[in-house]
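In the numbering used here, the protein residues as written are 174 to 299. Presented below is the structure to which this report refers.
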């Protein structure tokens with residue numbers, strides 16, 4: 174659960190230590206919901222700091238097992254999977270098994286404009 178929350182934190186990245194973010198030029202960052210999100214991200218980051226490498230690996234294996242054994246995955250012809258970075262669910266096994274099964278694998282790539290551009294991959298060298 175904590176690793177899943179970390180993924181949400183990663184997807185909605187906010188620089189938590191920047192005082193410039195809550196400036197008058199960006200008033201939406203000072204509304205109550207944004208401030209609550211910022212606090213929640215801090216709490217989650219603090220909890221994740223205590224997750225051991227072994228626990229993260231165990232959770233990654235559980236997630237991969239659930240994904241790979243699910244009916245929706247087995248029936249899918251195309252899947253979109255992010256490539257993991259430090260502190261995230263490890264996705265290499267999901268990507269590898271997807272390619273072995275002949276699925277089209279799309280890897281989301283962030284653009285400079287902050288948009289997500291799905292890139293097709295038929296190789297585990299991603």
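Just so it is clear, CB atoms sit at the ideal spot from N, CA and C, and this is done for glycine as well. Small disclaimer: the values here were computed from a predicted structure and weren't measured.
Item	Value
Would you be able to state if there are at least three C-beta pairs under 8 Å between the region 232-250 and the region 268-281?	yes
Is there contact here, the region 254-263 with the region 229-237, by at least three beta-carbon pairs under 8 Å?	yes
For the beta strand (DSSP E) containing residue 253, list its first residue and its last residue.	251-253
What do you get for residue 219, buried or exposed, if any count of 16 or more other CB atoms within 10 angstroms of its CB means buried?	exposed
Tell me, please, which residues DSSP counts as bridged to residue 262.	Paired residue(s): none; residue 262 is not in a bridge.
Tell me, which residues are paired with residue 243 by DSSP?	Its beta-bridge partners do not exist; DSSP assigns none.
For residue 276, which of 256, 267, 213 has the nearest alpha-carbon?	267
I'd like to check one pair, residue 236 with residue 252: are the Cβ atoms closer than 8 Å?	no
Would you give the residue range spanned by the alpha helix (DSSP H) that residue 219 belongs to?	205-221
For residue 208 and residue 287, I'd like the C-alpha separation in whole angstroms.	21 Å
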